[in-house]
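Sequential numbering of the sequence shown, starting at 150, is according to the working numbering. For glycine and all other residues, C-beta sits at the position ideal for the given N, C-alpha and C. Following: one structure in structure tokens, then a few remarks.
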Amino acid sequence: TYVNKGIEKAVFDVPEDAQIIVLNFANERSPGGGYLRHAWAQEEIILYNSDGYRALLDLKYGRMGGGYAMPEFGLAYVRDICFFDKKTDKNRKADMLVSACYCLTGSPQLYDNPKTDEEWETKTLAKFNAFMAAAVANT
């Protein structure tokens, strides 16, 4: 089934017995990216509609010992974040893949953006291979 909704609504359309894994193309240096500045990009939409920000802080101050740096071709797998729908008062559990995205805004970042089409393709494929490996390992 193809779902053409925002992620904050789509998670509630997935069958109850299905595992949900959402992909958070995240800020590689700051948990939540622009979440605290009320930005409205993909990462922030996930966090505004779930307890995912708490999960990222748990990751930073727990497993990462107070630091926070997503590897360019790695990711963090966060289990059981809870999405909530304020209108219907429903909740839904999902897992979250947290991966560093390339930043096209020109702001400082840890990793240089790919420079050629071939480099974009190679690096994007490496990221997606990591996503699939993590999803399979946690299914």
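From residue i to residue j, what distance separates their C-alpha atoms?
| i | j | result |
| --- | --- | --- |
| A282 | A243 | 17 angstroms |
| P180 | T254 | 18 angstroms |
| D290 | S248 | As displayed, the chain neither begins before 150 nor continues past 288, which places residue 290 out of reach and without an answer. |
| F277 | L185 | 28 angstroms |
| I230 | M245 | 7 angstroms |
| Y251 | L172 | 14 angstroms |
| D261 | A167 | 37 angstroms |
| L224 | A279 | 7 angstroms |
| N240 | I194 | 16 angstroms |
CB residue i to CB residue j, shorter than 7 angstroms?
| i | j | result |
| --- | --- | --- |
| I170 | A284 | yes |
| S256 | F232 | no |
| E192 | A175 | yes |
| L196 | Y202 | yes |
| N153 | Y226 | no |
| D234 | F161 | yes |
| M219 | E177 | yes |
Taking the continuous alpha helix (DSSP H) assigned at residue i, which residues delimit it?
| i | result |
| --- | --- |
| R203 | G201 to D207 |
| T271 | D266 to A286 |
| K158 | I156 to A159 |
Between residue i and chain B, is the shortest Cβ-Cβ distance under 7 angstroms, so that the two count as touching?
| i | result |
| --- | --- |
| L259 | Looking at the structure shown, chain B is missing, and only one protein chain is on hand. |
Just list the residues that DSSP pairs residue i with in beta bridges.
| i | result |
| --- | --- |
| V247 | N173 and A225 |
Which ranges does the alpha helix (DSSP H) cover as unbroken runs of at least 4 residues, wholly within the segment 174-245, from first to last along the chain?
Complete alpha helix (DSSP H) runs here, min 4: 191-197 and 201-207.
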